[in-house]
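For the sequence shown, full-length UniProt numbering gives the first residue as 1, with consecutive numbering after it.
For glycine and all other residues, C-beta sits at the position ideal for the given N, C-alpha and C.
What follows is a set of notes on a single structure, which appears directly below.
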Amino acid sequence: MDILVRSLVIFAFLWFVVRVGGKREVAQLSAFDMILLITVGDLVSQGIVQEDFSITAAVIAVATFTLAGIVLNAITFRYPRFRPWLAGRARIVVRDGEPMLDTLAGERMTIQDVHEAARQQGIRRLRDIELCVLENDGSFSFFTSDSRTDGAPEGGADMV
1 MDILVRSLVI FAFLWFVVRV GGKREVAQLS AFDMILLITV GDLVSQGIVQ
51 EDFSITAAVI AVATFTLAGI VLNAITFRYP RFRPWLAGRA RIVVRDGEPM
101 LDTLAGERMT IQDVHEAARQ QGIRRLRDIE LCVLENDGSF SFFTSDSRTD
151 GAPEGGADMV
């Protein structure tokens, strides 16, 4: 039972650290994915080399972390009002070519990060961006004046 409680406390602490760390630290991983990657390797290695940690204890700890992640995902699915608190929110970082420097600073990102992501999408100038959204996973979504936002095919909505 001690392992179960310690695992839950450590999971909660790591989740908090990842959420406070901002989207830059998370990059393309969800907070749970990052926590799982960090801890499972260590938990399993301790169980294998038996550094005061039995295989059973390692299995219990890994199962606890996995179950905690499943519960958090279920909560965000079933109760959408908790999603922003648990998973974060997408943030607009550029609107009509103007960077939202306060938002970027709050996410611990720079305008250079936006420029780099824009170049990777083939966007040369910031002024060409109507909207740039920093997603929950740390990626950027760009909407430019020539991008299609309605999802309709090129010849109109009745084309298949």
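Annotated three-state conformation of Ser139 is coil, per DSSP. In the structure shown, the three-state DSSP call for Glu98 is strand.
C-alpha of Phe11 to C-alpha of Ala61: approximately 10 Å in a straight line. For Thr110, the secondary structure class from DSSP, reduced to helix, strand or coil, is coil. Per the DSSP secondary-structure output, Ile129 pairs in a beta bridge with Thr144. The three-state secondary structure of Ile92, taken from DSSP, is strand.
Secondary structure note for Arg81: it is in no alpha helix (DSSP H), with a DSSP letter that is neither H nor E. Within the same chain, and ignoring the five residues on either side of Arg95 in sequence, the residues whose Cβ sits closer than 7 Å to its Cβ are Leu131. The beta carbon of Gly88 sits closer than 6 Å to those of Asn136, all from its chain and outside the five residues before and after it, given in chain order. In summary, Glu107 is buried, with 16 or more beta-carbon neighbours lying within 10 Å of its beta-carbon over all protein chains present.
Beta-bridge annotation (DSSP): Leu134 is paired with Arg91 and Phe140. Taking C-beta atoms under 8 Å as the contact rule, Phe142 and Ile123 qualify, at a distance of about 6 Å. For Phe32 against Leu72, the beta-carbon gap comes to about 6 Å, under 8 Å, which counts as contact. Minimum Cα-Cα distance from Asp146 among the listed residues Asp128, His115, Ile70 and Gly138 corresponds to Asp128. Nearest in C-alpha terms to Leu14, of all of Thr103, Arg81, Leu36 and Leu104, is Leu36.
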